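When the letters of the sequence shown are read in order and numbered with this note's numbering, they come out as residues 843 to 1177. Virtual Cβ for every residue (Gly too), placed ideally from N, Cα, C. Note that this is a predicted model, so its numbers are computed, not measured. To start, the structure itself, in structure tokens.
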Amino acid sequence: MKDSIFNLDLENYEIGEHVTEFVEFPSFYGLQKVSAPVYIYRASEEISPCVVVTSCVHGDEINGLRISQSLIRGKIKITKGTLIIIPVVNIYGFLNKQRYLPDRKDLNRCFPGLTKGSFGSRFAHFIFQNITKYGDVFIDLHSGGPGRFNVPQIRCDLSVKATKAMVKKVSIPLVINSSLRDGSLRQAINDLNKSCIVFEGGEGLRIDETITKYGVNLVKSILEYHGMIKSKKHFNNDKVIIQKTKWLRAKEGGLLINKAHQGKVVKKDEVVGELREITGKLINKIKMENDGVILGISRSALIMSGDALYNIGYLDEKFQGDEDDEFFDYFDFEM
Ligand SMILES: [Zn+2]
């Protein structure tokens, strides 16, 4: 990729200045110049701790962009270290309202990337080099795809010691512990023995300000944990750790009538939805297979056999919550 494209050098940024600039990304088809915003705030001579926030690695997951905007517009005054925000990583997908890159690759399966691979692999390498040059801690903002709503949650690998310690203190009610070998940004950063947290919240191509609030609080609580801000706000650290997730799928096609409370603890055999024929006749009730929390939900009513309906986080005996009712009050995402 050309020399003129963005190559982050923090020496070029004044201490104490909020800078949002458009930098050059690899061009579109070699024809059209492409630029994307990057925000940098360097608070001290010492670059560390350097927190990097990325969003729109999937181009249509724009709630992360809204979270980035809120952080940038809020001009958070960190007292030490550096904050870097890249609001639209996959600018190519974003311009087309698409999750993927123009070569139909999932950018989040291409990390850490290669200089001589496919476009996806080269682009992943370009992003990865820039953000890992200085970054110590990473927050990658995602949502469900279009038609799929995720309640606010983080996904991380709690076998990384620094991540485990940090997660105890951050503000987010649901933590999904998983270590994947999937070419994601999170995996590539974990391989460098650094912390990466994936935030999931909201639905593709939509902005939901409740989700935005959760995302902003998550980032602020991480900055506070690293001693970079002193927040007057008390962040709620209560959380549930989930070790296993599973999609409940439709046994048959039909119209989905949702009966579930998102984010609520649901007991085994409780009905979370119904599938009905076009006449209204009941096809079947969708029941929980175990106690669990609804992490994600299909927003589509027209269901084919096998469609993913509810993403369930299963609770084990280590469930730390108080009474279900309290948890429900705190974590109610009914729209
Ligand atoms: Zn995503």
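In whole angstroms, give me the CA-to-CA distance for residue i and residue j.
i	j	result
K947	F936	14 Å
N905	E853	31 Å
S1063	K1074	11 Å
M1070	I914	15 Å
Y976	C892	6 Å
D999	Q1085	10 Å
S1037	K1110	34 Å
H900	K1127	33 Å
E1180	D851	Outside the displayed range of the chain (843 to 1177) lies residue 1180, so it cannot be described from this structure.
V1107	K1072	33 Å
F848	F867	6 Å
L1151	R884	44 Å
N972	N1132	44 Å
S1140	C898	21 Å
May I ask you to check if the CB of residue i is nearer than 6 Å to at least one heavy atom of ligand 1?
i	result
E1045	no
E1116	no
H1076	no
E903	yes
H984	yes
H860	no
H1068	no
H900	yes
In its own chain, which residues sit with a C-beta less than 6 Å from the C-beta of residue i, not counting the 5 before and 5 after it?
i	result
I996	I1014, V1017, I1039, F1041
F1173	Low confidence applies to F1173: its pLDDT is 48, below 50, so where it sits in the model is not reliable, and the reading given next is rough at best. Closer than 6 Å at the Cβ level, and outside the excluded window around F1173, lie P1015, G1105.
Per the DSSP calculation, residue i is bridged to which residue(s)?
i	result
K1088	I1154
D982	T896, V1040
S1140	R990
N807	The chain is shown from 843 up to 1177; residue 807 falls before or after that span and cannot be answered.
Note down, in chain order, each residue of its chain lying with its Cβ closer than 7 Å to the Cβ of residue i, except the 5 sequence neighbours on either side.
i	result
L1022	Q1029
K966	The residue you asked about is not Lys; residue 966 is Ala in the sequence shown. Answer for A966: L949, C952, F953, P954, G955, listed in chain order.
G1122	none
S912	T1054, V1058
L1034	T974
Of all the options the options, which has the alpha carbon lying nearest to the alpha carbon of residue i?
i	options	result
K1011	H1076, N932, N992	H1076
I1049	G986, A1092, K1003, I1031	G986
M1008	D978, S1026, Y871	D978
G858	L983, K922, A1004, P868	K922
A1102	E866, M1130, E863, K1003	M1130
K939	D902, G959, T974	D902
P879	V1058, G989, I927, G1095	I927
G1155	V1113, I1136, R1141	I1136
Q1104	V1114, G1095, L1098	V1114
G869	R1141, R964, G1148, I1139	The displayed chain sequence assigns Ser, not Gly, to residue 869. Among R1141, R964, G1148, I1139, the Cα nearest to that of S869 is on R964.
R1091	G1138, T1005, L925	G1138
S886	V876, T924, I909, L907	T924
G1095	G872, N992, K1088, L1124	L1124
I969	S890, N1079, V865, I889	V865
Beta-carbon of residue i versus every beta-carbon of chain D: anything under 7 Å?
i	result
E1045	Among the protein chains of the structure shown there is no chain D, as only one such chain exists.
Whose C-beta lies closer than 8 Å to the C-beta of residue i among residues of the same chain, with five residues either side of it excluded?
i	result
Y855	V861, I882, R884
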